[in-house]
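Colleague:
Number of protein chains: 2
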Amino acid sequence: MDLLIQTIKEEGIVLSDSVLKVDSFLNHQINPRLMYEIGKEFSNRFKEDRITKILTIESSGIAPSVMTGLQLDVPVIFARKKKSLTLVNDLLTAKVYSFTKQESNDISVSNKYLNEKDRVLIIDDFLANGQAAIGLAEIVKQANAEIAGIGIVIEKGFQNGGQLLREQGLRVESLARIHSLDNGEVSFIKDGTKEAVR
Amino acid sequence: MDLLIQTIKEEGIVLSDSVLKVDSFLNHQINPRLMYEIGKEFSNRFKEDRITKILTIESSGIAPSVMTGLQLDVPVIFARKKKSLTLVNDLLTAKVYSFTKQESNDISVSNKYLNEKDRVLIIDDFLANGQAAIGLAEIVKQANAEIAGIGIVIEKGFQNGGQLLREQGLRVESLARIHSLDNGEVSFIKDGTKEAVR
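First to last, the sequence lines map onto chains B and G.
851 is the number of the first residue of the first sequence in this note's numbering; add one for each residue after it.
851 is the number of the first residue of the second sequence in this note's numbering; add one for each residue after it.
1. Do you know how far the Cα of I989 (chain B) is from the Cα of L942 (chain B)?
2. Could you tell me the distance, in whole angstroms, from the CA atom of Q1013 (chain G) to the CA atom of K1040 (chain G)?
3. Would you give the residue range spanned by the beta strand (DSSP E) that K945 (chain B) belongs to?
4. Contact defined as beta carbons within less than 8 Å: I believe G889 (chain B) pairs with M917 (chain B). What is the distance between those atoms, to the nearest angstrom?
5. Closest to H878 (chain G) by C-alpha separation, out of B:I904, B:R1016 and B:G862, would be which residue?
6. In chain D, which residues lie less than 7 Å from A913 (chain B) when you measure between Cβ atoms?
7. Would you kindly check if the distance between the Cβ of A929 (chain G) and the Cβ of V970 (chain G) is under 9 Å?
8. Can you tell which of G:V924, G:E908 and G:V946 has the C-alpha that lies nearest to the C-alpha of D975 (chain G)?
9. Between which residues of its own chain and E861 (chain B) is the CB-CB distance below 8 Å, once the five residues before and five after are set aside?
10. When the Cβ atoms of the segment 975 to 986 of chain B are set against those of the segment 1028 to 1037 of chain B, are three or more pairs found closer than 8 Å?
11. Return the first residue and the last residue of the beta strand (DSSP E) that T918 (chain B) is part of.
12. Tell me the rounded alpha-carbon separation between G1011 (chain G) and V1036 (chain G).
13. Along the segment 952 to 970 of chain G, where does the CB come closer than 7 Å to a CB of chain B? Name the residues.
14. Could you name the residues of the same chain whose beta carbon sits closer than 7 Å to that of E891 (chain B), not counting the 5 residues immediately before and after it, in chain order?
15. Under 9 Å between C-beta atoms, does I858 (chain B) make it to chain G?
16. Could I get the ranges of all uninterrupted beta strand (DSSP E) runs contained in the segment 952 to 984 of chain B, with 3 residues as the minimum, in chain order?
17. Tell me the DSSP secondary structure of K871 (chain G) in three-state form.
18. Taking the alpha carbon of I912 (chain B) as the reference point, which residue from G:I1004, G:N894 and G:I880 has its own alpha carbon closest?
19. Of the choices B:V864, B:I1000 and B:G1042, whose alpha-carbon is the least far from that of F896 (chain B)?
20. Leaving aside the five residues before and after L853 (chain B) along the sequence, list all residues of the same chain whose C-beta is less than 8 Å from its C-beta, in chain order.
21. Note down the Cα distance separating K967 (chain G) from N961 (chain G), rounded to an integer number of angstroms.
22. Using the C-alpha atoms, what's the distance from I957 (chain B) back to S945 (chain G)?
23. Comparing the C-beta of R1021 (chain G) with each C-beta of chain B, is any distance below 9 Å?
24. My output table needs one value for I989 (chain B): the three-state DSSP class, helix, strand or coil.
25. What residues of chain G sit near E908 (chain B), judged by a beta carbon separation below 7 Å?
See the structure below:
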């Protein structure tokens, strides 16, 4: 997605060979117009898939998800990383290990909002090792719902999450795929190839 | 805001005399169309106020904020409740006590995204004791930015947050104001009055 790649080039900050900071438009400050365009792109890619629900995880997944939900006209559910006092019963839960934070968290979704009739689009901001997406997929399975696909804003193509998910037969649509962050520079994987471009 | 009040009446669950659960459209599952309408309403109420930034707090403030940001065409910043590994330096922080969770949290915003030229609209999902809004206002002041107003989706009019903020001279716009949750029923404060209506 050109606008997204352009924004990453202009505003992304490479903190190390594996960490890209996109705090100016996605993870802390949010660019609502860009989120709208991201929602439009996900919506185009999944519009034939009879999606009934979008499932994401707090907090950075919410903005792209809600813009996609607006355009597909379906509800968005965000999994919680921490148990809420008013959300205690009948939870679907999965364990997610964060390599960045080096800790394991239970994520949870109320079973009221997912059932066997649902076709779920999972959306997240980043795909690196795939742990969050795998946890969300696990929750969809617990609800006996179907996973229609996974929409990722930024995939780190040099980490193995995308491969793990695709090997499970899941359809993963990433709007920007990063080839490498070596030497402080972002290079992208060209759409439909494994070729690197700057 | 009629659509919001209607949705609260239909889907809100009164858990006690002080707790209203709106997990089906705002706090866990999100209704994107309703969020769009909420964004339109905030945008109408603040469109003359030369807003440059919206400030909210993760997670439930993000959806209404990003829809408002889309329509006012300004960036949204969400304060974090937990420190991120890639967000460590130059933080503006405030302490927020949550009566619901009975714990105190530091909330933080990078000082890169707020400065003395900003006119900030603070948005949050709920206003009860006002602690989150006061913390966000504190952060705006630390950045020497101006608070243009506070937009609240649901105000619990029977708790003192609204009064605290208005006594500080802050403009608070709440889209639904709850008069009471007594006897398991939601009654609202009629716009522009202190009168209760069902």
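Built from N, CA and C at the ideal position, the CB exists for glycine as well.
Modeller: Taking the structure as given:
1. Sequence index remark: in the first sequence, residue 942 (chain B) carries index 92 (1-based). Sequence index remark: in the first sequence, residue 989 (chain B) carries index 139 (1-based). Straight-line Cα distance between these residues: approximately 6 Å.
2. One-based indexing of the second sequence puts residue 1013 (chain G) at position 163. One-based indexing of the second sequence puts residue 1040 (chain G) at position 190. Q1013 (chain G) and K1040 (chain G): Cα-Cα distance of roughly 16 Å.
3. Looking up residue 945 (chain B) in the first sequence gives position 95. Start and end: L941 to S948.
4. The sequence position of residue 889 (chain B) within the first sequence is 39, counting from 1. The sequence position of residue 917 (chain B) within the first sequence is 67, counting from 1. At roughly 3 Å, the Cβ-Cβ gap stays under 8 Å, so G889 (chain B) and M917 (chain B) are in contact.
5. Position 28 of the second sequence holds residue 878 (chain G). Comparing Cα positions, the closest option is B:I904.
6. Here the protein chains are B and G, and chain D is not one of them.
7. Start at 1 with the first residue of the second sequence, and residue 970 (chain G) comes out as number 120. Start at 1 with the first residue of the second sequence, and residue 929 (chain G) comes out as number 79. It is not a contact, given that the beta carbons lie outside the stated cut-off.
8. Your numbering for residue 975 (chain G) matches position 125 in the second sequence. D975 (chain G) has its Cα closest to that of G:E908, out of G:V924, G:E908 and G:V946.
9. Walking along the first sequence from the start, residue 861 (chain B) turns up at place 11. Cβ neighbours of E861 (chain B) beyond the five flanking positions: V872, S874 and F875.
10. no
11. The residue you call residue 918 (chain B) lines up with position 68 of the first sequence. No beta strand (DSSP E) holds T918 (chain B); the alpha helix (DSSP H) holding it covers I912 to L922.
12. Your numbering for residue 1011 (chain G) matches position 161 in the second sequence. Your numbering for residue 1036 (chain G) matches position 186 in the second sequence. The alpha-carbon atoms of G1011 (chain G) and V1036 (chain G) are separated by roughly 19 Å.
13. S960 and Y963
14. Within the first sequence, the letter at position 41 stands for residue 891 (chain B). Answer for E891 (chain B): M851 and L1025, listed in chain order.
15. Here residue 858 (chain B) is taken as the residue at index 8 of the first sequence, counted from 1. No - not a single Cβ of chain G is within 9 Å of the one on I858 (chain B).
16. 953 to 960 and 969 to 977
17. Working through the second sequence from its first residue, we reach residue 871 (chain G) at position 21. DSSP places K871 (chain G) in strand when its eight states are reduced to three.
18. Counting from 1 along the first sequence, the entry for residue 912 (chain B) is found at position 62. Per the Cα distances, G:I880.
19. The residue labelled residue 896 (chain B) in the question sits at position 46 within the first sequence. Nearest option by C-alpha distance: B:I1000.
20. Looking up residue 853 (chain B) in the first sequence gives position 3. Taken in chain order, the residues that qualify are L884 and E887.
21. Locating residue 967 (chain G) in the second sequence gives position 117, where the first residue counts as 1. Locating residue 961 (chain G) in the second sequence gives position 111, where the first residue counts as 1. One C-alpha to the other measures close to 13 Å.
22. Working through the second sequence from its first residue, we reach residue 945 (chain G) at position 95. Working through the first sequence from its first residue, we reach residue 957 (chain B) at position 107. Ser is not the amino acid found at residue 945 (chain G); the sequence shown has Lys there. K945 (chain G) and I957 (chain B): Cα-Cα distance of roughly 25 Å.
23. Here residue 1021 (chain G) corresponds to residue number 171 of the second sequence, with the count starting at 1. Taking Cβ atoms only, chain B never reaches closer than 9 Å to R1021 (chain G), which makes this a no.
24. What you label residue 989 (chain B) is simply residue 139 of the first sequence in a count that begins at 1. It is helical.
25. The residue labelled residue 908 (chain B) in the question sits at position 58 within the first sequence. Per Cβ cutoff of 7 Å: E908 and S909.
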